[in-house]
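Written as structure tokens, this is what we have:
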């Protein structure tokens, strides 16, 4: 979705079929099902709030120098999400 690999580990709680689609198909899917787009946007907003809270904790601990702002993954992700979703 963001155009960059995102390694993660997930565990299904029941039998699951997984599909992968390219970004163009994903965009078409969101246009066809606007309620899905809304659910994704809400989930991203929740995750952004969590990321912002973690970032505040990191800054409070003085673990992030000003020169590291552009390389900070939280800030980079936030900027990327804003650009992709025109927020």
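Numbering (my numbering), first residue to last: 1 to 87. Even for Gly, the Cβ is constructed at its ideal location relative to N, Cα and C. Note that the structure is predicted; figures quoted are calculated from it, not measured.
Cβ shell of residue 29 (< 8 Å), same chain only, five flanking positions each side left out: 21, 36
Nearest-angstrom Cα separation, counted from residue 83 out to residue 55: Their backbone Cα atoms lie some 20 Å apart in a straight line.
Straight-line Cα distance separating residue 18 from residue 11: For the pair residue 11 and residue 18, the Cα-to-Cα distance works out to about 12 Å.
Residues of its chain near residue 40, where Cβ-Cβ distance is below 8 Å and the 5 sequence neighbours each way are ignored: 30
Coil, strand or helix - residue 19 by DSSP: coil
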